[in-house]
Structures are given as C-alpha cells and as structure tokens.
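Novice: Below is a structure I'd like to ask you about.
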Amino acid sequence: KVLDFGHRLPFPQAVLINGRAQGSAFTVEQGKTYRLRISNVGLQNTLNFRIQDHIMKLVEVEGTHTVQTSYSSIDVHVGQSYSVLITADQAPKDYYIVASTRFTNRTLTSTAALHYSNSQQSLSGPIPGGPTTQIDWSINQARSIR
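In terms of UniProt numbering, the sequence shown is residues 1 to 146.
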C-alpha cells in the first residue's frame with residue numbers, strides 16, 4: 001500500500017546473510033577453494049560484500065561467465081547476482097563476512113563468520129569497514145566487470 005500512495009519504501013530493518021541478520025557461520029577447510037553466490041534481492045539499496053583478509057575472484061555475473069577479476073569487496077546492486085571464488089588460505093581462525101548498505105544516510109551492517117575447520121580462535125576485533133559513500137569507487141568497479 002505504501003507504493004500505491006506514491007510513498008517511498010521504508011528503510012529496511014536488516015541486511016541478511018544466508019537468511020539471517022547475524023550469526024551465520026560458513027565452515028571451510030584450509031587450502032580449499034569455495035564458490036559463493038552473492039545476490040541482492042532487496043528493492044532499493046546497494047550492498048557491499050566483503051570477507052575479512054580474503055580476496056574474492058569474480059567468475060560469474062547473472063549466470064554468465066566473466067573475465068576473472070579479484071576484489072577485496074564487491075558492490076552488489078539491486079537485482080544483481082555474482083559468483084565468487086574464495087580460497088581458505090589464511091591463518092586458521094574465524095574471519096568476518098560483512099554485508100552493508102551503500103549510499104544511505106544510515107548504514108545497515110550484517111555479519112557472519114568464515115570459520116576455518118581447524119580454528120581455535122573466534123571472531124575478534126573490529127568489523128572490517130568497506131566503502132560507504134564513494135560513488136566513484138562503485139562506478140569504477142562496475143566498469144571493471146567484463
């Protein structure tokens with residue numbers, strides 16, 4: 001009904017990772033490579049997705065193979081889906097997986113854990129920040145995807 005009366009949608013209550021606002025965990029084995037499918041199924045906000053201390057290799061955009069390019073974080077605009085490869089090549093501990101809104105007055109952030117199966121250390125330290133208002137960063141990234 002909000003849209004029927006010409007009003008904007010309200011700001012979302014949460015950003016979800018694997019269907020949860022907080023607390024999802026993804027267990028990985030050291031040395032293995034994993035494919036993640038990242039989708040923005042929202043209606044109005046761009047999301048930035050990143051994994052602490054891990055590089056993501058973009059391999060698919062909207063179901064189509066792409067020139068493989070590596071990113072430390074990736075903007076996912078409304079309706080977009082990406083497939084990335086990550087390699088569990090860091091010290092065995094838990095790392096933040098972060099999704100946060102972009103280009104909004106208030107930033108919503110959701111976290112999950114990338115858990116190494118041989119980890120003895122849980123998540124610690126500050127959540128890794130990502131770009132928030134740098135539109136040129138987002139435009140340059142979009143132009144780099146082929």
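Ideal placement from N, C-alpha and C gives every residue a C-beta, glycine not left out.
Work out the CA separation of Asn105 and Tyr116 for me, nearest whole Å.
Specialist: 35 Å
Novice: Given this structure, state the Cα-to-Cα distance separating Ala99 from Asp4, to the nearest angstrom.
Specialist: 30 Å
Novice: Under 6 Å Cβ to Cβ from Ala112, same chain only, skipping five residues before and after it: list those, please.
Specialist: Ile17, Ser24, Ile97
Novice: With Leu114 and Phe26 assumed to form a contact (beta carbons below 8 Å), what rounded beta-carbon distance in angstroms separates them?
Specialist: 6 Å
Novice: Based on Cα-Cα distance, which residue from Glu60, Asn45, Arg35 lies nearest to Gln13?
Specialist: Asn45
Novice: Can you tell me where the alpha helix (DSSP H) with Ser144 in it begins and where it stops?
Specialist: Annotation: the continuous alpha helix (DSSP H) that includes Ser144 extends over 135-144.
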